[in-house]
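The listed protein sequences correspond, in order, to chains A and B. Counted the way our numbering counts, the first sequence spans residues 1 to 233. Counted the way our numbering counts, the second sequence spans residues 1 to 405. Note that the Cβ used here is the ideal one computed from N, Cα and C, for glycine as well. Here the structure is laid out as structure tokens; the discussion comes afterwards.
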Amino acid sequence: MQPDIIRIEGLERRYDMGGEIIHALRGVSLTISRNEYVAIMGPSGSGKSTMMNVLGCLDTPDAGSYWLNGQEVSQLTDDALARVRNKEIGFVFQTFNLLPRASALHNVELPLVYAGVSASGRSERARQALDRVGLGDRMHHRPNELSGGQRQRVAIARALVNDPSILLADEPTGNLDSNTSEEIMAVFAELHRLGQTVIMVTHEPDIAEHAERVVTLRDGRVESDRLNQESAA
Amino acid sequence: MALQTIWAQKLKSFFSLIGVLIGVTFLIAVVSIVQGMNVYVESAVTDEVGGVNSFQLRQRPNFTGGDVDEAQWRSWFRRPRISYEDSEYLRERMTVPATFANYCADRVTLEYDGRRASDIELRGTEESYFDLKAYELDAGRVFVRQEVRTGSPVVLLGFEVASRLFEGEDPLGKSVKIAGIPYRVIGVVESQGTLFGMSQDKFAIMPYSAPGRRLICPLNVMDELMIRPDNPQQLDAAVGEVEALMRARRQLKPDEANNFTIETADEALEFWDKISTVLFTALPLLVGISLVVGGIVIMNIMLMAVSERTREIGIRKAIGAKRGDILSQFVVEAATLSVTGAGIGILAGLGLAFVVKALTPFPAAVAPWSIGLGVTLGILVGVVAGVYPAIRASRLDPITALRAE
Numbered sequence: 001m002q003p004d005i006i007r008i009e010g011l012e013r014r015y016d017m018g019g020e021i022i023h024a025l026r027g028v029s030l031t032i033s034r035n036e037y038v039a040i041m042g043p044s045g046s047g048k049s050t051m052m053n054v055l056g057c058l059d060t061p062d063a064g065s066y067w068l069n070g071q072e073v074s075q076l077t078d079d080a081l082a083r084v085r086n087k088e089i090g091f092v093f094q095t096f097n098l099l100p101r102a103s104a105l106h107n108v109e110l111p112l113v114y115a116g117v118s119a120s121g122r123s124e125r126a127r128q129a130l131d132r133v134g135l136g137d138r139m140h141h142r143p144n145e146l147s148g149g150q151r152q153r154v155a156i157a158r159a160l161v162n163d164p165s166i167l168l169a170d171e172p173t174g175n176l177d178s179n180t181s182e183e184i185m186a187v188f189a190e191l192h193r194l195g196q197t198v199i200m201v202t203h204e205p206d207i208a209e210h211a212e213r214v215v216t217l218r219d220g221r222v223e224s225d226r227l228n229q230e231s232a233a
Numbered sequence: 001m002a003l004q005t006i007w008a009q010k011l012k013s014f015f016s017l018i019g020v021l022i023g024v025t026f027l028i029a030v031v032s033i034v035q036g037m038n039v040y041v042e043s044a045v046t047d048e049v050g051g052v053n054s055f056q057l058r059q060r061p062n063f064t065g066g067d068v069d070e071a072q073w074r075s076w077f078r079r080p081r082i083s084y085e086d087s088e089y090l091r092e093r094m095t096v097p098a099t100f101a102n103y104c105a106d107r108v109t110l111e112y113d114g115r116r117a118s119d120i121e122l123r124g125t126e127e128s129y130f131d132l133k134a135y136e137l138d139a140g141r142v143f144v145r146q147e148v149r150t151g152s153p154v155v156l157l158g159f160e161v162a163s164r165l166f167e168g169e170d171p172l173g174k175s176v177k178i179a180g181i182p183y184r185v186i187g188v189v190e191s192q193g194t195l196f197g198m199s200q201d202k203f204a205i206m207p208y209s210a211p212g213r214r215l216i217c218p219l220n221v222m223d224e225l226m227i228r229p230d231n232p233q234q235l236d237a238a239v240g241e242v243e244a245l246m247r248a249r250r251q252l253k254p255d256e257a258n259n260f261t262i263e264t265a266d267e268a269l270e271f272w273d274k275i276s277t278v279l280f281t282a283l284p285l286l287v288g289i290s291l292v293v294g295g296i297v298i299m300n301i302m303l304m305a306v307s308e309r310t311r312e313i314g315i316r317k318a319i320g321a322k323r324g325d326i327l328s329q330f331v332v333e334a335a336t337l338s339v340t341g342a343g344i345g346i347l348a349g350l351g352l353a354f355v356v357k358a359l360t361p362f363p364a365a366v367a368p369w370s371i372g373l374g375v376t377l378g379i380l381v382g383v384v385a386g387v388y389p390a391i392r393a394s395r396l397d398p399i400t401a402l403r404a405e
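As structure tokens, this is what we get:
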């Protein structure tokens, strides 16, 4: 058994929506081991976005605990969370979220800037990360000069450049056509094969099929947690 | 990074630069021009007084600060004038070795062969005057002691007077008429250039004892006695001696004020000091106002930038930017904006100073400290104006920020 990279216990998160309390998470417990490839599924309102935010250390839970790579992160300060996001988490978003005016290379370098890596080290590592996603020849292009699939690869390179504990993808294919989606899924599969822990939030069952484990949320609780037959086979 | 962002929004950035730009432009230009005028006025006045090392004994001041009331004028005019006897008295008794020149001047018209040159300054003086003023001659010779003693009707012309009256003819030995009396031209003084845009060559010099003296000075008195100690180190001693001798000669009691004026280059410059002090006092106000306006504009631009770039801030936070990182990013951006404005302002100010230098006789003297001050103010305004928007940016919640369009 691989050591746990993520362990959450009794996670709760409430929002105050104009006086009405919304319970987004009502006590979620989950353990994810190193090198797992997990899809988190659920219909809208199931709490999967909140789950993603908490897992990504963008949000802190109201109750429960969250160990990420052996560190309890549920009660950290903003700046400490920023450090955790920088070192432990690589984000891939539905809308790519690249800086539009910066080149691919510069976008990928950005996490290293905040990690305090020297300029020459940044450039070297960002080039390697772009090479890994097959964009070594596009590194000086800006996002608007790249196709959707290429943009998402830049985002993946940016997510990987700091060697994070987990790659956290939020609807990574939501803005892509099916062919391109397959390409991106192939990239994820390759990263997983090379040992990367991948967590993907999606509402599309056929995308979730690429993961080896599927966790389904409903009304802020884990509804099902199953190994994917096809993938496991 | 900050520069890239600014470059990407050229037009908006340019407008936000204007306040700081104008402030710094004024700072540099005004300081340069005033300093240039300082240099210029100092040399001009020093020249007029007859050099740094000489001084003048006068009935009343030649250079005044401007705000002299009528009672003051009247009391000046009631003073006895400086007489030939005063001059002789001082020359006999001064122990500090010095050169003296009696001097009188007024505006007259010169005529030659039907041509007239009016508004010419006719100066009556003695041979030592040329030495005191360090005049070089283009042609001819200066008058000699003998001609001063006998009051010979000889004259030296300023460069412009000579060229206007003679139009290429050789003036030497020709006879010009001043108030109907003929004078023989014995020399032409080398061109002296211009002062405040006015020609310095519109003069004629004759012995103070020549017939024309009735045109410029009443009998036996003069406008001023020019005195230069032979050793520049003894200027103060000479001034003190002249003052003591004149007080004794005029029998002034110890509590009575001088009823004469001793004017040195320093004193003549006092009036200019007053003007430049006023300019230097008004300057910070002017610069201050435009910098405050510039700061407010930059703050607004940065607040707009923060709301427009909320998503960018969200992205940066998601990938690990701490509050301090976002804070410093926006402060640095504001400061870069402001320093860029200051930089352009410095160039524009220098440009303005050089334009003034080219179009007017004032030499623009750029003060290095004003450039340093310009850059410092630029940084200061940027940081002050940038802090509030930057704090707003750094406090944004990453989730909300990421969702922003």
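- Comparing alpha-carbon positions, the option among A/LEU217, A/ASN86, A/ASP170, A/GLY195 lying closest to A/PHE96 turns out to be A/ASP170.
- Boundaries of the beta strand (DSSP E) harbouring A/SER65: 63-68, taken from the DSSP string.
- Looking only at B/PRO207, B/SER199, B/VAL108, B/GLN200, the smallest Cα-Cα distance to B/GLU147 is reached by B/PRO207.
- Take B/LEU337, set aside five residues on each side of it, and the residues of its chain with a beta-carbon closer than 7 Å to its own are ILE6, SER13, SER16, LEU17, ILE298, GLY382, in chain order.
- For B/ASP255, there is no enclosing alpha helix (DSSP H), since its DSSP letter is neither H nor E.
- When DSSP states are grouped into helix, strand and coil, B/THR109 belongs to the strand group.
- Under a 10 Å Cβ-count criterion, B/THR340 is classified as buried, with 16 or more other Cβ atoms of the shown protein chains found around its own Cβ.
- About 7 Å separates the beta carbon of B/ILE22 from that of B/GLY345, a gap short enough to meet the 8 Å contact definition.
- Secondary structure at A/GLU12: strand, using DSSP grouped into helix, strand and coil.
- According to the DSSP secondary-structure assignment, B/ARG115 is paired through a beta bridge with B/TYR112.
- Looking at the DSSP output, A/MET200 shares a beta bridge with A/ALA39, A/ALA169.
- The shortest CA-to-CA distance from B/THR95 to any of B/THR310, B/ARG149, B/ILE82, B/ILE227 is the one to B/ILE227.
- B/MET198 counts as exposed, since fewer than 16 other C-beta atoms from the protein chains shown sit within 10 angstroms of its C-beta.
- Contact check between the stretch 212-227 of chain A and the stretch 110-117 of chain A: fewer than three CB pairs, one atom from each, fall below 8 Å, which does not count as touching.
- The DSSP-derived three-state label of B/ASN231 is coil.
- For A/GLU36, the closest of A/ASP163, A/GLU72, A/ILE6 by C-alpha to C-alpha distance is A/ILE6.
- Across the stretch 296-326 of chain B, CB contacts with chain A closer than 8 Å involve ARG311, GLU312, GLY314, ILE315, ARG316, LYS317, ALA318, ILE319, GLY320, ALA321, LYS322, ARG323, GLY324, ASP325, in sequence order along the chain.
- Close to A/TYR114, with beta-carbon spacing below 8 Å, are these residues of chain B in chain order: ARG316, ILE319, GLY320, ALA321, LYS322, ASP325.
- By the Cβ neighbour-count rule, A/LEU130 is buried, with 16 or more other Cβ atoms within 10 Å of its own.
- By the Cβ-count criterion, B/GLY187 is buried, with 16 or more other Cβ atoms from all chains shown falling within 10 Å of its own Cβ.
- Taking A/ILE184 as the centre and dropping the five residues before and after it, the same chain places the C-beta of GLY149, GLN152, PRO172, THR173, LEU176 closer than 7 Å to its C-beta, in chain order.
- Out of B/GLY349, B/ALA404, B/ALA237, B/ASN300, the CA that lies nearest to the CA of B/VAL287 is found in B/GLY349.
- One Cα belongs to B/ARG145, the other to B/GLU126, and the distance between them is close to 7 Å.
- Identification of chain A residues near B/ILE399 by a Cβ-Cβ cut-off of 8 Å yields ASN53, LEU58, ASP59, ordered along the chain.
- Straight-line measurement puts the Cα of B/LEU57 at about 10 Å from the Cα of B/ASP86.
- Interface residue (Cβ-Cβ distance to chain B less than 8 Å): A/ARG85 is classified as such.
- Listed in chain order, the non-local C-beta contacts of A/TYR15 below 7 Å within the same chain comprise ILE22, ALA24, local neighbours out to five positions each way being set aside.
- Contact check for B/ASN259 and B/ARG79: beta-carbon distance about 5 Å, within the 8 Å limit, so the pair qualifies.
- In the DSSP assignment, B/SER209 falls outside any alpha helix (DSSP H) and carries neither an H nor an E.
- Going by DSSP, A/GLU223 is part of the beta strand (DSSP E) stretching over 221-227.
- For A/HIS23, the enclosing beta strand (DSSP E) stretches over residues 20-33.
- Using a CB distance below 8 Å, the part of the stretch 100-112 of chain A facing chain B consists of ARG101, ALA102, LEU110, PRO111, ordered along the chain.
- What A/ASN97 touches in chain B, judged by beta-carbon distance under 8 Å, is ARG311, GLY314, ILE315, ALA318, LEU402, going in chain order.
- Excluding sequence positions up to five before and after B/GLY36, its CB lies within less than 6 Å of the CB of PHE362, PRO363, ALA364, ALA365, all in the same chain and listed in chain order.
- For B/ARG392, the closest alpha carbon among the candidates B/GLU308, B/ALA353, B/ALA367, B/GLY351 is that of B/GLU308.
- Inter-segment contact for the stretch 48-68 of chain A and the stretch 123-141 of chain A is absent: fewer than three beta-carbon pairs are separated by less than 8 Å.
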